[in-house]
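Chemist: According to my numbering, the residues represented by the sequence shown are 828 to 1062, in order. Beta carbons are placed, not taken as given, at the ideal position from N, Cα and C, and that holds for glycine. These numbers come from a predicted model, not from an experiment. Right, I'll just put the structure down here and ask away after.
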Amino acid sequence: MEPIRERAADAQPRPVRRAPWSGRSPAAAAESAREKIIDATLTCIRRHGLERTSISAIATIAGVSRPTVYAYFETREALVSVALEQAGASIAERVVVAARRRSKTAGDFAVEALIAARREFRAEPALHPISQAPADPWAANEALSENSLEIARAILEPITSYDPSLESRLDEITETLIRWLLSLLIFDSDRTSSDTKLRAYLRRSVVPAILPPDSLEGSAEPGDAEPADTAATKD
């Protein structure tokens, strides 16, 4: 019996087999998978529109299973919401740069931010659902969600550098301008048919709505007045 005990004592424990390390921590891998799913969602919306963007379609584009998608996002709406917010955030810097380039006053910045945002939204297919709000009320509500308003507030925050007194009203100004932007995205008219006409229209209508009267001096520019009705003039 002694030799048997010796062999047992001499036996070495079998090494534990481990999966090869990819070089990334589990947290980093999870974040990468999450971003991959969000990118796939934006791709799906661009290709097929919001109505045909399903969890199955997103999973196929991302190269993952449906359960994997649900592991990161509980519902399709939650995933689409995050994707649209990310698309909106990606254009924020360009909107601010474009608005600052042409602005000397707070009124200028509000007008130019609306014009630049309208142009950027229409150039990004993933954001087209917001332009179709009458057909998809969910998309319109998403534009006024808490996270969307935070992104918009960050875009509009430079307006306070032109007029510090607007800081206390920035949240209200942000919501007002988002509502104007939704209208500009959904409806076109002769007054919005060019940037020049749109700029003049917004100076006449939006600027007085968001700025106190003492801030309006010097905000108008030549050409901002609406052309007179020639037929009425002849009468």
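According to the neighbour-count rule (16 or more other Cβ atoms, all chains shown, within 10 Å of its Cβ), is F1014 buried or exposed?
Modeler: One-based indexing of the sequence shown puts residue 1014 at position 187. By the neighbour-count rule (16 or more Cβ atoms within 10 Å), F1014 is not buried but exposed.
Chemist: Please report the straight-line C-alpha distance between I957 and L971, rounded to a whole angstrom.
Modeler: Position 130 of the sequence shown holds residue 957. Position 144 of the sequence shown holds residue 971. I957 and L971: Cα-Cα distance of roughly 11 Å.
Chemist: Taking E1002 as the reference, give the member of E901, A937, T1023 with the closest Cα.
Modeler: Stepping through the sequence shown from its first residue, residue 1002 is reached at position 175. E1002 has its Cα closest to that of A937, out of E901, A937, T1023.
Chemist: Determine the closest residue to D998 out of L1008, R980, L1009, G890, with distance taken between C-alpha atoms.
Modeler: For the purposes of this step, residue 998 is taken as the residue at position 171 of the sequence shown. Of L1008, R980, L1009, G890, the residue nearest in Cα terms is R980.
Chemist: Please report the Cβ distance between A914 and A950, rounded to the nearest whole angstrom; I am assuming they are in contact, meaning their Cβ atoms lie under 8 Å.
Modeler: Position 87 of the sequence shown, counting from 1, holds the residue named residue 914. Position 123 of the sequence shown, counting from 1, holds the residue named residue 950. Contact doesn't hold; Cβ gap of about 11 Å is too wide.
Chemist: Excluding the 5 residues flanking A916 on each side, which residues of the same chain have their C-beta closer than 7 Å to its C-beta?
Modeler: Taking the sequence shown and counting its residues from 1, the one referred to as residue 916 is at position 89. Correct list, in chain order: I978.
Chemist: Could you tell me whether the segment 881-894 touches the segment 855-872, where touching means 3 or more Cβ pairs closer than 8 Å?
Modeler: yes
Chemist: Do you know how far the Cα of T880 is from the Cα of Y897?
Modeler: Along the sequence shown, one-based indexing puts residue 897 at 70. Along the sequence shown, one-based indexing puts residue 880 at 53. In this structure, the CA atom of Y897 is about 15 Å from the CA atom of T880.
Chemist: When you compare each of A944, K1024, L1029, E862 to T895 by their alpha carbons, which one comes out closest?
Modeler: Locating residue 895 in the sequence shown gives position 68, counting from the first residue. Nearest C-alpha to T895: E862.
Chemist: Does the segment 926-936 come close enough to the segment 980-997 to have 3 or more Cβ pairs within less than 8 Å?
Modeler: yes
Chemist: Out of curiosity, what's the CA-to-CA distance linking G934 and Y1028?
Modeler: Looking up residue 934 in the sequence shown gives position 107. Looking up residue 1028 in the sequence shown gives position 201. Distance between the alpha carbons of G934 and Y1028 is about 13 Å.
Chemist: Compute the Euclidean distance between the alpha carbons of L976 and I1005, then round it to the nearest angstrom.
Modeler: Numbered from 1 along the sequence shown, position 149 holds the residue referred to as residue 976. Numbered from 1 along the sequence shown, position 178 holds the residue referred to as residue 1005. Their Cα atoms are separated by approximately 8 Å.
Chemist: Work out the CA separation of F948 and L770 for me, nearest whole Å.
Modeler: Past the edges of the chain, shown from 828 to 1062, lies residue 770, and the structure says nothing about it.
Chemist: Compare the Cα-Cα distances from V1033 to each of A940, D1017, V923, S1016 and report the closest residue.
Modeler: The count along the sequence shown starts at 1 and reaches residue 1033 at position 206. Here the closest residue by C-alpha is A940.
Chemist: I'd like to check one pair, A943 with V922: are the Cβ atoms closer than 9 Å?
Modeler: Along the sequence shown, read from residue 1 onward, the residue named residue 922 stands at position 95. Along the sequence shown, read from residue 1 onward, the residue named residue 943 stands at position 116. In contact: V922 and A943 (Cβ atoms closer than 9 Å).
Chemist: Out of curiosity, what's the CA-to-CA distance linking E1016 and W1007?
Modeler: As a first step, residue 1016 is located in the sequence shown; it is residue number 189 there, counting from the start. As a first step, residue 1007 is located in the sequence shown; it is residue number 180 there, counting from the start. Here residue 1016 turns out to be Ser, not Glu, going by the sequence shown. If I take the Cα positions, the gap works out to 14 Å.
Chemist: Measuring straight from C-alpha to C-alpha, what distance separates S892 and L993?
Modeler: Position 65 of the sequence shown, counted from the first residue, corresponds to residue 892. Position 166 of the sequence shown, counted from the first residue, corresponds to residue 993. Between S892 and L993, the C-alpha separation is close to 49 Å.
Chemist: Give a yes or no on whether the C-beta atoms belonging to T1023 and L1011 are separated by under 9 Å.
Modeler: For the purposes of this step, residue 1023 is identified with residue 196 of the sequence shown, where counting begins at 1. For the purposes of this step, residue 1011 is identified with residue 184 of the sequence shown, where counting begins at 1. No; because the gap between Cβ atoms is not below 9 Å, this pair is not in contact.
Chemist: Exposed or buried, A1036, counting other C-beta atoms within 10 Å across all chains shown (16 or more means buried)?
Modeler: On the sequence shown, position 209 is the one that residue 1036 refers to. The residue in question, A1036, is exposed, as its Cβ has fewer than 16 Cβ neighbours within 10 Å.
Chemist: Hey, quick one: how far does the alpha helix (DSSP H) through T1003 stretch, first residue to last?
Modeler: Position 176 of the sequence shown, counting from 1, holds the residue named residue 1003. Counting along the chain, the alpha helix (DSSP H) containing T1003 begins and ends at 997-1013.
Chemist: Just the Cα atoms here: how many angstroms apart are H955 and N968?
Modeler: Along the sequence shown, one-based indexing puts residue 955 at 128. Along the sequence shown, one-based indexing puts residue 968 at 141. Distance between the alpha carbons of H955 and N968: 14 Å.
Chemist: What residues in its chain sit with their C-beta under 6 Å from that of I918, if we drop five residues either side in the sequence?
Modeler: Counted from its first residue, the sequence shown places residue 918 at position 91. Excluding positions up to five away in sequence, the list reads E947.
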